[in-house]
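**Student:**
Number of protein chains: 2
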Amino acid sequence: MPVTTTGQKRLQRPPRVTIGQLADALGLAKGTVSRALNDYPDISESTRLRVKRAAQRMGYRPLSHAQAIRTGRTRSLGLVLQSDVHDGMRPFLAEFLSGLTQEASREGWTLTVSTAPSEAELAGVLRRLVEEHKADGFVLPRTMIEDPRVALLRALGVPFVLFGRTGDGRGCSWYDILGEEAMREAVLRLASFGHRRIAFVNGGNRYNYSVLREAGYRAGLREAGLAEAPELMRRDALTPQEGAAATRALLALPEPPTAIVFAVDMAALGAWPVAAELGLAIGRELSVIGYDGVPEGALARPSLTSFDVDTKRAGERLAHLLIRQIRGEEAEALRETERARLREGGSDGPPELTSSELARRLRALRQHVTRTDGRMT
Amino acid sequence: MPVTTTGQKRLQRPPRVTIGQLADALGLAKGTVSRALNDYPDISESTRLRVKRAAQRMGYRPLSHAQAIRTGRTRSLGLVLQSDVHDGMRPFLAEFLSGLTQEASREGWTLTVSTAPSEAELAGVLRRLVEEHKADGFVLPRTMIEDPRVALLRALGVPFVLFGRTGDGRGCSWYDILGEEAMREAVLRLASFGHRRIAFVNGGNRYNYSVLREAGYRAGLREAGLAEAPELMRRDALTPQEGAAATRALLALPEPPTAIVFAVDMAALGAWPVAAELGLAIGRELSVIGYDGVPEGALARPSLTSFDVDTKRAGERLAHLLIRQIRGEEAEALRETERARLREGGSDGPPELTSSELARRLRALRQHVTRTDGRMT
DNA sequence: ACCGTTGCCGAAACCGGTTTCGGAAGTCAC
DNA sequence: GTGACTTCCGAAACCGGTTTCGGCAACGGT
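Written as structure tokens, this is what we have:
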């Protein structure tokens, strides 16, 4: 008895049936039973059936960790979350997990979740899980342009799948939503409403999606025959506060935009308090389109026009792709993308003011008493 | 080679150092090394030190699943989430997981997460995890008054810890926030503002917290010297929609409440659209207090007065308690509770209207054109 | 000098599976 | 009827740890 564990209670779990007992009951060697259950070709069809039926009847289930010691496979997927990130992922975490685990358990796999307190510690946590072989492969959410996790797992030869794409995609498999298409569609929609000055507020600039979404915004402008204006592009807005700051800055321009496309819903929601403060009617005097489909967007008045992302499905597909990769399929052949679906809200529409009219309104407002808004609870 | 797995890639992980290699390097038997690392008393202090240093230097880490086959312990905690629940838990899932995993990994444990598509399947999913021994113990969130998960795990003799209390608490350990105290405090606060008719909108009535919070509301009324009124108590409001319906019903009473205490923030948020619709100023003409501290509450205008729950800490404590229980401590000795902390917002305050004045205002409004609000996107 | 402890470690069994190897029986061709 | 080839299964090794058991050496007491 180890000193540190004195007094441990004896676990008295329900008597599990082991492969040895199953073999005895059948009058077979346990190796034979194992091969029968794993569909080895050197077992006759009749005994295979007999074994499987008996296993079913006796309720035999192999212990995955007992198998792992020989096979090297735990039949579990790993997921490392970064706990200090407060962005769009979080509202969907439950659905994401649900997708991952449901698809995993369909195949008899499980999900091992861990968190890293900061980005710097992500690789360390990951490395520990790999060393202790807690998972056969990993799902990497929120991919960055240069992603240390990718570098690490690639170097270690551990299977992984990305939720999102990345700069150097060699040997990577992924599932992603085409955010660039959504941004393009958003610009074209606004242009068709008659908007001429359409701003873009990007998310975190180290994330891979930000390059793509910006490219989509640009493509949309080009197709709509609108010129790019550097002052209409801002970045690093992930929270309502940051979104509000970006909105304020854009509206302070000599030629303010009449519409703003946000790469991230949570930032887009920052436009509401600013509009209220300036007396602008969102959807008519200032159009806003977001991306993510967060539930808060539907609650806002007017509701936020956004692009729904089916996060549960993402989880399902990622689990599926990862399991296939672990089973030996080529990583680069396992790539899937999907389009986001526009969810029309009340936050965008034909502009009731031109940019210069808007500028005049805002200038007039600044002459007046600036309403101090003390309540920031 | 099994038929179904033909073509599997050979995993070529970095060469792990095994206990055998460590033993060879030290010129010791592997059993000796094992006992040294696990602090058996029959190993001399000097060799124990020598072994531990060498293990450190060579980067040896035991495979938990290799140990599990003999010890029966996986060193992993299990968590089964119910994926069809859209209640207050979800915004905090990330923090909850973060707390659980951080505390677990401090002790070298991991977290295995699974989801059940519905309440009915919860027990089945749990049973499967127990049978395959995917976890040494389980964390059960959202406890119900009669909880089938508790019955199952109790019968199987598997350690578990509750987030919340339950009807029959024999042999249970738990961590919980004293929601009843919060509700009591809410009522007393409103009473001290001068409110005389204080309503209560409860959450799901099968959850254990609902009995407690209702009891707290009643206790608050008693202490404030106010009479209970059955028509002022409603239940089963978990979403903004359900909260809105409850609010509407309460305000349609002959003697409407001037303040409403909600057991769940997400339901409380349903009061905002209703107030807007009826032209009532929340915080002055109708006071609202919630519970949970969801981020949406801080975003609402005026912001929702609520009780913050430190979900990350809950995760940490739960993991801690569960690990101790698995290590053999008595379950009933492992119980912790904590108070929720009031977060003052702008949604409550002294009533500017009495109940009868409020009733008159609302009656007058109903005479006018009822504003149709078609936009429910 | 002898015997009983005690401290410390090696050897081997063990956990519950998987995989390799070899051989017994059956089949087929000649 | 013999040899070669299959088919199918048993036996045993193996995976990486833990735990039991027994024995050697040193020590203490008389």
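Sequence lines, in order, name chains A and B. For the first sequence, this note's numbering assigns the number 1 to the initial residue and increments by one for each residue that follows. For the second sequence, this note's numbering assigns the number 1001 to the initial residue and increments by one for each residue that follows. Even for Gly, the Cβ is constructed at its ideal location relative to N, Cα and C.
For residue 1078 (chain B), does the three-state DSSP call read helix, strand or coil?
**Tutor:** Taking the second sequence and counting its residues from 1, one reaches residue 1078 (chain B) at position 78. Three-state DSSP puts residue 1078 (chain B) in a strand.
**Student:** Identify, in the order they occur along the chain, each residue of the same chain with its Cβ nearer than 8 Å to the Cβ of residue 39 (chain A), setting aside the five sequence neighbours on each side.
**Tutor:** Here residue 39 (chain A) refers to the residue found at position 39 of the first sequence. Correct list, in chain order: 48.
**Student:** For residue 56 (chain A), does the count of other Cβ atoms within 10 angstroms reach 16, so buried, or fall short, so exposed?
**Tutor:** Along the first sequence, one-based indexing puts residue 56 (chain A) at 56. When all chains shown are included, residue 56 (chain A) counts as exposed.
**Student:** Report yes if the CB atom of residue 270 (chain A) is closer than 8 Å to the CB atom of residue 242 (chain A), and no otherwise.
**Tutor:** In the first sequence, the residue the question calls residue 270 (chain A) occupies position 270. In the first sequence, the residue the question calls residue 242 (chain A) occupies position 242. The answer is yes: Cβ separation under 8 Å.
**Student:** Tell me the residue span of the beta strand (DSSP E) that contains residue 1360 (chain B).
**Tutor:** On the second sequence, position 360 is the one that residue 1360 (chain B) refers to. Note, residue 1360 (chain B): premise wrong, no beta strand (DSSP E); alpha helix (DSSP H) at 1355 to 1367.
**Student:** Can you list, in chain order, the stretches of the beta strand (DSSP E) that have 3 or more residues and sit fully within the segment 1198 to 1278 of chain B?
**Tutor:** With a minimum length of 3 residues, the continuous beta strand (DSSP E) runs that stay inside the segment 1198 to 1278 of chain B are 1198 to 1201 and 1259 to 1262.
**Student:** Measure the alpha-carbon distance for residue 91 (chain A) versus residue 295 (chain A) and round it to whole angstroms.
**Tutor:** If you number the first sequence from 1, residue 91 (chain A) lands on position 91. If you number the first sequence from 1, residue 295 (chain A) lands on position 295. Each residue's alpha carbon lies about 8 Å from the other.
**Student:** Residue 1131 (chain B) versus chain A: which residues are under 7 Å apart at the beta carbon?
**Tutor:** Translated into the one-based positions of the second sequence, residue 1131 (chain B) becomes position 131. Chain A residues near residue 1131 (chain B): 61.
**Student:** My parser needs the beta strand (DSSP E) runs of 3 or more residues fully inside the segment 318 to 355 of chain A; what are they?
**Tutor:** Taking only runs of at least 3 residues, the beta strand (DSSP E) segments lying wholly in the segment 318 to 355 of chain A are 335 to 338 and 341 to 343.
**Student:** Between residue 1120 (chain B) and chain A, is the shortest Cβ-Cβ distance under 8 Å, so that the two count as touching?
**Tutor:** As a first step, residue 1120 (chain B) is located in the second sequence; it is residue number 120 there, counting from the start. Not one chain A Cβ lies under 8 Å of residue 1120 (chain B).
**Student:** Nearest to residue 124 (chain A) by CA position, among A:97, A:213, A:152 and A:338, is which residue?
**Tutor:** Residue mapping note: residue 124 (chain A) aligns to position 124 of the first sequence, counting from 1. Minimum Cα distance to residue 124 (chain A) is reached at A:152.
**Student:** If distances are taken between C-alpha atoms only, which option among B:1134, B:1163, B:1288 and B:1212 comes closest to residue 1246 (chain B)?
**Tutor:** Along the second sequence, one-based indexing puts residue 1246 (chain B) at 246. Of B:1134, B:1163, B:1288 and B:1212, the residue nearest in Cα terms is B:1288.
**Student:** If you count every other CB in all the chains shown that lies within 10 Å of the CB of residue 28 (chain A), and 16 or more means buried, which is it?
**Tutor:** Mapped onto the first sequence, residue 28 (chain A) falls at position 28. Buried.
**Student:** Taking all protein chains shown into account, decide if residue 1167 (chain B) is buried (16 or more other Cβ within 10 angstroms of its Cβ) or exposed.
**Tutor:** Looking up residue 1167 (chain B) in the second sequence gives position 167. Exposed, by the Cβ-count rule.
**Student:** Cutting at 7 Å between CB atoms, please list the residues of its own chain near residue 325 (chain A), excluding the five before and the five after it.
**Tutor:** Looking up residue 325 (chain A) in the first sequence gives position 325. Taken in chain order, the residues that qualify are 137, 159, 161, 173, 331 and 334.
**Student:** Name the chain A residues whose beta carbon is nearer than 7 Å to that of residue 1065 (chain B)?
**Tutor:** Within the second sequence, the letter at position 65 stands for residue 1065 (chain B). Near residue 1065 (chain B) (Cβ distances below 7 Å), the residues of chain A are 65, 68, 69 and 74.
**Student:** Could you tell me which residues DSSP pairs with residue 1174 (chain B) in its beta bridges?
**Tutor:** Within the second sequence, residue 1174 (chain B) is the residue found at index 174, counting from 1. Per DSSP, B:1162 and B:1335.
**Student:** What's the C-alpha gap between residue 1020 (chain B) and residue 1053 (chain B)?
**Tutor:** Residue 1020 (chain B) sits at position 20 when you count from the first residue of the second sequence. Residue 1053 (chain B) sits at position 53 when you count from the first residue of the second sequence. C-alpha separation (whole angstroms): 16 Å.
**Student:** Indicate whether at least one CB of chain A lies closer than 8 Å to the CB of residue 1003 (chain B).
**Tutor:** Position 3 of the second sequence, counting from 1, holds the residue named residue 1003 (chain B). Residue confidence for residue 1003 (chain B) is low, a pLDDT of 35 falling below 50, so the modelled location carries little weight; the figure read from the coordinates is stated next. Yes - at least one Cβ of chain A is within 8 Å of the one on residue 1003 (chain B).
**Student:** Quick check: is the beta carbon of residue 237 (chain A) nearer than 8 Å to any beta carbon in chain B?
**Tutor:** By 1-based counting over the first sequence, the position of residue 237 (chain A) is 237. Residue 237 (chain A) does not count as touching chain B.
**Student:** Taking Cβ positions, are residue 1206 (chain B) and residue 1266 (chain B) nearer each other than 8 Å?
**Tutor:** Here residue 1206 (chain B) refers to the residue found at position 206 when the second sequence is read from its first residue. Here residue 1266 (chain B) refers to the residue found at position 266 when the second sequence is read from its first residue. Not closer than 8 Å, so no.
**Student:** If you measure between the beta carbons of residue 1319 (chain B) and residue 1103 (chain B), is that distance less than 8 Å?
**Tutor:** Translated into positions along the second sequence, residue 1319 (chain B) becomes position 319. Translated into positions along the second sequence, residue 1103 (chain B) becomes position 103. In this structure, residue 1103 (chain B) lies closer than 8 Å to residue 1319 (chain B) by Cβ.
**Student:** Given that residue 1299 (chain B) touches chain A, what residues does it touch there, using C-beta distances under 8 Å?
**Tutor:** The count along the second sequence starts at 1 and reaches residue 1299 (chain B) at position 299. Neighbours of residue 1299 (chain B) on chain A, chain order: 240, 269 and 296.
**Student:** The alpha helix (DSSP H) that contains residue 1192 (chain B), what's its start and end?
**Tutor:** As a working mapping, residue 1192 (chain B) is identified with position 192 in the second sequence. Residue 1192 (chain B) -> alpha helix (DSSP H) spans 1179 to 1193.
**Student:** Please report the distance separating the alpha-carbon of residue 329 (chain A) from that of residue 1200 (chain B).
**Tutor:** Along the first sequence, one-based indexing puts residue 329 (chain A) at 329. Along the second sequence, one-based indexing puts residue 1200 (chain B) at 200. C-alpha separation (whole angstroms): 57 Å.
**Student:** For residue 1396 (chain B), which three-state DSSP category applies?
**Tutor:** Because residue 1396 (chain B) is not part of the residues shown, which for chain B are 1001 to 1377, the question remains open.
**Student:** What's the C-alpha gap between residue 157 (chain A) and residue 127 (chain A)?
**Tutor:** On the first sequence, position 157 is the one that residue 157 (chain A) refers to. On the first sequence, position 127 is the one that residue 127 (chain A) refers to. Distance between the alpha carbons of residue 157 (chain A) and residue 127 (chain A) is about 12 Å.
**Student:** Could you tell me whether the Cβ of residue 81 (chain A) comes closer than 8 Å to any Cβ of chain B?
**Tutor:** In the first sequence, the residue the question calls residue 81 (chain A) occupies position 81. Yes - at least one Cβ of chain B is within 8 Å of the one on residue 81 (chain A).
**Student:** Pick out whichever of A:364, A:225 and A:293 has its Cα sitting closest to the Cα of residue 188 (chain A).
**Tutor:** The residue you call residue 188 (chain A) lines up with position 188 of the first sequence. Per the Cα distances, A:225.
**Student:** Exposed or buried, what is residue 1183 (chain B) when buried is set at 16 or more other beta-carbons lying within 10 Å of its beta-carbon?
**Tutor:** Residue 1183 (chain B) sits at position 183 when you count from the first residue of the second sequence. Classification for residue 1183 (chain B): buried.
**Student:** Can you give me the start and stop residues for the beta strand (DSSP E) that residue 47 (chain A) sits inside?
**Tutor:** Sequence index remark: in the first sequence, residue 47 (chain A) carries index 47 (1-based). That residue, residue 47 (chain A), is in no beta strand (DSSP E); its alpha helix (DSSP H) goes 45 to 58.
**Student:** Would a check of beta-carbon distances place residue 1247 (chain B) closer than 8 Å to chain A?
**Tutor:** Residue numbering aside, residue 1247 (chain B) sits at position 247 when the second sequence is read from its first letter. No, because no Cβ of chain A sits closer than 8 Å to the Cβ of residue 1247 (chain B).
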